[in-house]
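S.K.: Just so you know, the protein sequences line up as chains A and B, in that order. Numbering-wise, my numbering puts 273 at position 273 of the first sequence, and it's gapless, one number per residue. Numbering-wise, my numbering puts 74 at position 74 of the second sequence, and it's gapless, one number per residue. Note that CB positions come from ideal geometry on N, CA and C, so glycine has one too. Since the structure is predicted, the reported quantities are computational estimates derived from the model, not experimental observations. Starting off with a structure, shown below.
2 protein chains.
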Amino acid sequence: MMHSLLLTKPDGRHLTLYSRQPIDPTLAAPSPFAEPLNASAHLRWHPLRGEWVTYAAYRQGRTFLPPPEYNPLAVTTDPAHPTEVPAGAWDVAVFDNRFPSLAQALPGAAPPPALIVPTAPADGHCEVVVFTQDPQGSLGGLPLDHLDLLLQVWGERTQSVGARPGIDYVLPFENRGAEVGVTLHHPHGQIYAYPLVPPVPARMQAVAAEHLRAQGRGVLEAMIENERRDGKRMIYEGPHAVAFVPVCARYPYEVWIAPILPVEGFAQLGDAERADLARALKTVLLKYDGLWDRPLPYLMAWYQAPTDGQPHPESHLHAQLYPPFRTRDRLKYLAGTEIGAGFFAMDALPEEKALELQQVRVSLS
Amino acid sequence: MMHSLLLTKPDGRHLTLYSRQPIDPTLAAPSPFAEPLNASAHLRWHPLRGEWVTYAAYRQGRTFLPPPEYNPLAVTTDPAHPTEVPAGAWDVAVFDNRFPSLAQALPGAAPPPALIVPTAPADGHCEVVVFTQDPQGSLGGLPLDHLDLLLQVWGERTQSVGARPGIDYVLPFENRGAEVGVTLHHPHGQIYAYPLVPPVPARMQAVAAEHLRAQGRGVLEAMIENERRDGKRMIYEGPHAVAFVPVCARYPYEVWIAPILPVEGFAQLGDAERADLARALKTVLLKYDGLWDRPLPYLMAWYQAPTDGQPHPESHLHAQLYPPFRTRDRLKYLAGTEIGAGFFAMDALPEEKALELQQVRVSLS
Numbered sequence: 001m002m003h004s005l006l007l008t009k010p011d012g013r014h015l016t017l018y019s020r021q022p023i024d025p026t027l028a029a030p031s032p033f034a035e036p037l038n039a040s041a042h043l044r045w046h047p048l049r050g051e052w053v054t055y056a057a058y059r060q061g062r063t064f065l066p067p068p069e070y071n072p073l074a075v076t077t078d079p080a081h082p083t084e085v086p087a088g089a090w091d092v093a094v095f096d097n098r099f100p101s102l103a104q105a106l107p108g109a110a111p112p113p114a115l116i117v118p119t120a121p122a123d124g125h126c127e128v129v130v131f132t133q134d135p136q137g138s139l140g141g142l143p144l145d146h147l148d149l150l151l152q153v154w155g156e157r158t159q160s161v162g163a164r165p166g167i168d169y170v171l172p173f174e175n176r177g178a179e180v181g182v183t184l185h186h187p188h189g190q191i192y193a194y195p196l197v198p199p200v201p202a203r204m205q206a207v208a209a210e211h212l213r214a215q216g217r218g219v220l221e222a223m224i225e226n227e228r229r230d231g232k233r234m235i236y237e238g239p240h241a242v243a244f245v246p247v248c249a250r251y252p253y254e255v256w257i258a259p260i261l262p263v264e265g266f267a268q269l270g271d272a273e274r275a276d277l278a279r280a281l282k283t284v285l286l287k288y289d290g291l292w293d294r295p296l297p298y299l300m301a302w303y304q305a306p307t308d309g310q311p312h313p314e315s316h317l318h319a320q321l322y323p324p325f326r327t328r329d330r331l332k333y334l335a336g337t338e339i340g341a342g343f344f345a346m347d348a349l350p351e352e353k354a355l356e357l358q359q360v361r362v363s364l365s
Numbered sequence: 001m002m003h004s005l006l007l008t009k010p011d012g013r014h015l016t017l018y019s020r021q022p023i024d025p026t027l028a029a030p031s032p033f034a035e036p037l038n039a040s041a042h043l044r045w046h047p048l049r050g051e052w053v054t055y056a057a058y059r060q061g062r063t064f065l066p067p068p069e070y071n072p073l074a075v076t077t078d079p080a081h082p083t084e085v086p087a088g089a090w091d092v093a094v095f096d097n098r099f100p101s102l103a104q105a106l107p108g109a110a111p112p113p114a115l116i117v118p119t120a121p122a123d124g125h126c127e128v129v130v131f132t133q134d135p136q137g138s139l140g141g142l143p144l145d146h147l148d149l150l151l152q153v154w155g156e157r158t159q160s161v162g163a164r165p166g167i168d169y170v171l172p173f174e175n176r177g178a179e180v181g182v183t184l185h186h187p188h189g190q191i192y193a194y195p196l197v198p199p200v201p202a203r204m205q206a207v208a209a210e211h212l213r214a215q216g217r218g219v220l221e222a223m224i225e226n227e228r229r230d231g232k233r234m235i236y237e238g239p240h241a242v243a244f245v246p247v248c249a250r251y252p253y254e255v256w257i258a259p260i261l262p263v264e265g266f267a268q269l270g271d272a273e274r275a276d277l278a279r280a281l282k283t284v285l286l287k288y289d290g291l292w293d294r295p296l297p298y299l300m301a302w303y304q305a306p307t308d309g310q311p312h313p314e315s316h317l318h319a320q321l322y323p324p325f326r327t328r329d330r331l332k333y334l335a336g337t338e339i340g341a342g343f344f345a346m347d348a349l350p351e352e353k354a355l356e357l358q359q360v361r362v363s364l365s
């Protein structure tokens with residue numbers, strides 16, 4: 001059971017609180033910012049790559065001087081220093097990003113600039129997802145029913161944001177750790193809602209649709225069956241969900257997490273599937289942190305069906321996780337061949353890295 | 001005029017020395033390694049992305065204990081500690097990478113493993129390009145005629161490596177600076193020769209071919225004309241070559257360098273074009289280092305026509321340079337939206353970053 005409460009911040013942004021318990025309806029939404037959001041972003045066409053790029057040049061300074069340990073994702077305890085979320089009983093909070101890369105233009109906003117390439121409004125939406133009230137926690141450290149709630153939240157956000165006109169793709173992701181650029185350690189993720197299907201999901205959808213047409217079944221569904229039969233790279237195998245280092249991993253500790261049978265997104269998961277997916281997620285994250293007994297940085301992206309109004313039987317909800325480390329002490333940098341050519345080079349075999357993760361013992365209690 | 005000398009190292013790898021002057025034919029090629037190269041790499045098919053990934057798990061330890069300041073790219077001065085290049089009069093050296101991500105299988109080598117996805121030999125080639133004998137130098141600090149020679153070397157390598165059976169694409173690139181993962185500061189680049197056209201060039205070729213078909217001219221040629229007319233983002237404008245922050249930059253200080261008129265690759269440049277391209281390159285690199293009076297890290301990739309035996313009238317030789325910094329103190333990390341979605345988000349406008357680079361004064365003397 002998921003309860004939610006939709007609130008509006010003083011600067012006009014929305015905040016939704018989610019909980020396994022009913023939420024006090026008198027809670028109010030704080031904001032570190034007083035003046036209304038004045039988001040200004042536009043898209044420019046990249047003629048050589050054939051893709052859009054978004055530009056959001058925010059210049060407004062912050063309206064307050066935060067104390068040294070100020071954490072905007074912690075609950076507000078000092079009204080003189082409001083944060084993004086209120087004190088009170090809730091489990092997960094989602095609010096509009098104050099500095100969005102994509103944002104619906106406000107009435108009266110300037111049109112996108114006229115340039116030597118096509119431009120367009122950056123008509124999307126960016127949200128921040130606060131995973132827990134505990135600033136010292138981690139996603140993997142949350143109880144299973146809290147993770148289950150988060151999977152429901154991602155589903156609810158995907159459905160409500162994806163239903164807005166012009167939103168074609170919704171991507172929940174987490175960047176975790178200083179090595180991937182995160183300076184705020186309070187456990188949180190983001191949701192980007194795009195006015196187009198972005199290049200990576202677009203490519204994966206096209207490849208999956210062709211596989212479905214030619215083979216009569218989903219490409220990830222077939223791959224999961226093969227990974228389970230092979231067994232060498234499995235990290236978690238439950239009744240409804242799996243996690244594994246894919247045979248074609250592009251990062252040394254890359255892991256995919258998915259329900260065994262295809263569903264288009266979080267909202268289409270049954271209760272038993274979602275509970276098992278939460279177990280798979282928690283297992284992977286605990287193994288990551290257990291690998292070297294320290295929080296392992298990673299990028300985690302959850303792929304669902306586009307919200308472009310088309311049927312997408314080729315879709316199969318799954319996460320791809322990319323830790324940026326090659327070994328305990330060495331980062332994997334994306335360089336010439338990866339970034340310049342889009343061609344990934346690995347100096348470790350997925351089978352070896354899977355073995356390392358398999359040997360990390362975790363407890364899901 | 002370019003002179004060259006092809007040598008074979010004790011471990012069987014090739015070394016070619018290039019110079020503006022004749023080269024002493026008695027020079028011999030050193031190697032830090034005694035035993036023959038035993039490269040072992042294979043490709044695996046990534047079924048979700050529809051692309052190949054290469055795996056090269058080298059386990060052989062190094063055969064010597066280098067002194068603390070050992071630089072394998074410096075000329076050999078102590079025969080007890082051979083490096084990769086000999087002392088003598090030469091300007092640029094190119095040798096086979098000892099730890100290649102792609103390498104032609106040796107006779108008798110094991111076939112690629114049988115896995116749950118298609119596999120193939122990683123039948124490519126990886127070279128290291130030593131830009132100068134000066135370990136303290138930088139590419140931008142080299143004299144113009146030395147840069148001109150390097151452009152010829154890249155052309156010669158592209159032609160000779162690209163002519164090998166099965167090599168479909170040759171990419172010269174430079175990763176520079178610790179922030180992009182480089183620990184060896186001796187100025188050098190790499191050349192990857194692929195047994196396929198990798199995803200990024202493949203996409204750019206397809207987009208360019210369609211533009212040429214529909215518009216009757218090249219996409220980059222048209223863009224250069226528009227950038228020159230607009231003028232706001234130009235960094236260098238010579239009689240035959242230009243450099244500019246593209247209107248659709250995906251990195252704050254991204255710069256493209258190109259001959260004004262399309263040529264398929266370095267080898268097709270006329271002398272005057274090549275000389276001007278060297279001026280453009282030097283200008284950009286000096287501006288980069290002048291920006292904050294310190295060496296600016298960057299990734300530089302040079303795109304040419306595929307060497308797949310097909311005509312490529314859509315090709316237009318050019319470099320794309322991506323420094324990983326947003327500001328003097330802040331790195332641009334690729335995270336959720338860039339890596340997970342392939343959708344780039346910029347918080348700076350290309351026009352502003354171009355202005356910063358325009359204001360850096362450089363001398364090409």
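Only counting the same chain, and skipping five residues up and downstream in sequence, which positions put a Cβ closer than 8 angstroms to that of LEU23/B?
M.R.: It is Ile, not Leu, that sits at residue 23/B in the sequence shown. Hits under 8 angstroms: HIS3, SER4, LEU5, LEU17, GLY88, ALA89 and TRP90.
S.K.: May I have the straight-line CA-CA distance separating THR63/A from ALA34/A, to the nearest angstrom?
M.R.: For THR63/A, the pLDDT reaches just 42, beneath the cut-off of 50, and the residue's location in the model is therefore unreliable, although a value from the coordinates is still provided. If I take the Cα positions, the gap works out to 7 angstroms.
S.K.: Tell me which same chain residues have a C-beta within less than 8 angstroms of the C-beta of THR8/B, skipping the five on either side of it?
M.R.: Excluding positions up to five away in sequence, the list reads HIS14, LEU15 and ALA29.
S.K.: Looking at the unbroken beta strand (DSSP E) that takes in LEU277/B, where does it start and where does it end?
M.R.: Careful: LEU277/B lies outside any beta strand (DSSP E), inside the alpha helix (DSSP H) at 271 to 291.
S.K.: Would you call the segment 230 to 246 of chain B and the segment 196 to 205 of chain B in contact, with 3 or more CB pairs under 8 angstroms?
M.R.: No contact exists between the segment 230 to 246 of chain B and the segment 196 to 205 of chain B.
S.K.: When the Cα atoms are used, what is the spatial distance from LEU73/A to VAL182/A?
M.R.: Answer to the nearest angstrom: the Cα atoms are 13 angstroms apart.
S.K.: Against ALA243/B, what residues of chain A qualify as contacts under a CB-to-CB distance less than 8 angstroms, listed in chain order?
M.R.: The premise fails here: ALA243/B is roughly 15 angstroms from chain A at the closest Cβ pair, so nothing lies under 8 angstroms.
S.K.: Determine whether the Cβ of ARG157/B lies closer than 8 angstroms to any Cβ atom of chain A.
M.R.: No, its Cβ sits nowhere closer than 8 angstroms to a Cβ of chain A.
S.K.: Using C-beta distances below 7 angstroms, list every residue in its chain close to GLU69/A, excluding the 5 sequence neighbours before and after it, in chain order.
M.R.: Within the same chain, GLU69/A has no close Cβ partners at all.
S.K.: Less than 8 angstroms between the CB atoms is what I'm expecting for VAL180/B and PRO324/B, so what's the real figure, rounded?
M.R.: Contact holds; Cβ gap of about 6 angstroms.
S.K.: Using a Cβ-Cβ cutoff of less than 8 angstroms, which residues in the same chain neighbour GLY230/A once the five nearest sequence positions on both sides are dropped?
M.R.: The displayed chain sequence assigns Asp, not Gly, to residue 230/A. So the list reads VAL247, once near-sequence residues are dropped.
S.K.: Just the C-alpha distance for GLY12/A and PRO86/A, rounded to the nearest angstrom, thanks.
M.R.: Cα to Cα, the separation comes out at about 16 angstroms.
S.K.: Using a Cβ distance threshold of 8 angstroms, determine whether the segment 275 to 295 of chain B contacts the segment 137 to 148 of chain B, with at least three qualifying pairs required.
M.R.: Enough Cβ pairs lie closer than 8 angstroms, so yes.
S.K.: Could you tell me the alpha carbon to alpha carbon distance between ALA305/A and LEU291/B, rounded to whole angstroms?
M.R.: Roughly 44 angstroms separates the two Cα atoms.
S.K.: Check MET204/B in the structure and name its three-state DSSP category.
M.R.: Three-state DSSP puts MET204/B in a helix.
S.K.: Assuming ALA257/A is part of the beta strand (DSSP E), what are its boundary residues?
M.R.: Sequence check: residue 257/A is Ile here, not Ala. 255 to 259 is the span of the beta strand (DSSP E), which, as asked, contains ILE257/A.
S.K.: How many angstroms separate the CA atom of GLY342/B from the CA atom of PRO252/A?
M.R.: In a straight line, the C-alpha of GLY342/B is about 20 angstroms away from that of PRO252/A.
S.K.: If we define contact as Cβ-Cβ less than 8 angstroms, is ASN175/A a contact residue for chain B?
M.R.: With 8 angstroms as the cut-off, ASN175/A counts as an interface residue toward chain B.
S.K.: For SER40/A, count neighbouring C-beta atoms within 10 Å of its own C-beta (all shown protein chains included) and say buried if the count is 16 or more, exposed if not.
M.R.: SER40/A is buried by the Cβ-count criterion.
S.K.: Going by DSSP in three states, TRP52/B sits in which element: helix, strand or coil?
M.R.: Strand, per DSSP.
S.K.: Name the chain B residues whose beta carbon is nearer than 8 angstroms to that of GLN190/A?
M.R.: Near GLN190/A (Cβ distances below 8 angstroms), the residues of chain B are GLY336.
S.K.: For TYR333/B and ALA93/A, I'd like the C-alpha separation in whole angstroms.
M.R.: Whole-angstrom Cα-Cα distance: 25 angstroms.
S.K.: From which residue to which residue does the alpha helix (DSSP H) around LEU37/B run?
M.R.: No alpha helix (DSSP H) contains LEU37/B, which DSSP labels as neither H nor E.
S.K.: With a threshold of 8 angstroms between beta-carbons, can THR307/B be considered close to chain A, or not?
M.R.: With 8 angstroms as the cut-off, THR307/B does not count as an interface residue toward chain A.
S.K.: Under 8 angstroms, do ARG164/A and VAL117/A count as touching if we go by C-beta distance?
M.R.: Contact: no.
S.K.: What does DSSP give as the partner residue(s) for ARG176/B in the beta ladder?
M.R.: Partner(s): TYR298/B.
S.K.: Could you tell me the distance, in whole angstroms, from the CA atom of TYR298/B to the CA atom of THR327/A?
M.R.: Approximately 24 angstroms between the Cα atoms of the pair.
S.K.: Tell me the residue span of the beta strand (DSSP E) that contains LEU43/B.
M.R.: Element bounds for LEU43/B: 42 to 46.
S.K.: Below 6 angstroms CB to CB, which residues in the same chain sit around GLN60/B once its five sequence neighbours on both sides are set aside?
M.R.: Because the pLDDT of GLN60/B is 46, which lies under 50, any placement of that residue in the model is unreliable, and the question is left without a value.
S.K.: Within 8 angstroms (strictly less), CB to CB, does SER101/A reach chain B?
M.R.: True, the Cβ-Cβ gap to chain B drops below 8 angstroms.
S.K.: Do you know whose CA, among GLN133/A, PRO172/A and TYR303/A, lies nearest SER315/A's CA?
M.R.: Nearest C-alpha to SER315/A: TYR303/A.
S.K.: Output the distance between the C-alpha atoms of PRO112/A and ASN38/A, rounded to the nearest integer angstrom.
M.R.: If you take the alpha carbons of PRO112/A and ASN38/A, they lie about 14 angstroms apart.
S.K.: Applying the 10 Å Cβ sphere with the 16-neighbour rule, what's the burial state of PRO259/B?
M.R.: Result: buried.
S.K.: Across which residues does DSSP place ALA120/A in a beta bridge pair?
M.R.: Answer is LEU43/A.
S.K.: Give me whichever residues DSSP pairs with THR183/A in a beta bridge.
M.R.: According to DSSP, THR183/A bridges with nothing at all.
S.K.: Could you pull the start and end residues of the beta strand (DSSP E) that SER160/A belongs to?
M.R.: Where SER160/A is concerned, there is no enclosing beta strand (DSSP E), although the alpha helix (DSSP H) it sits in stretches over 144 to 162.
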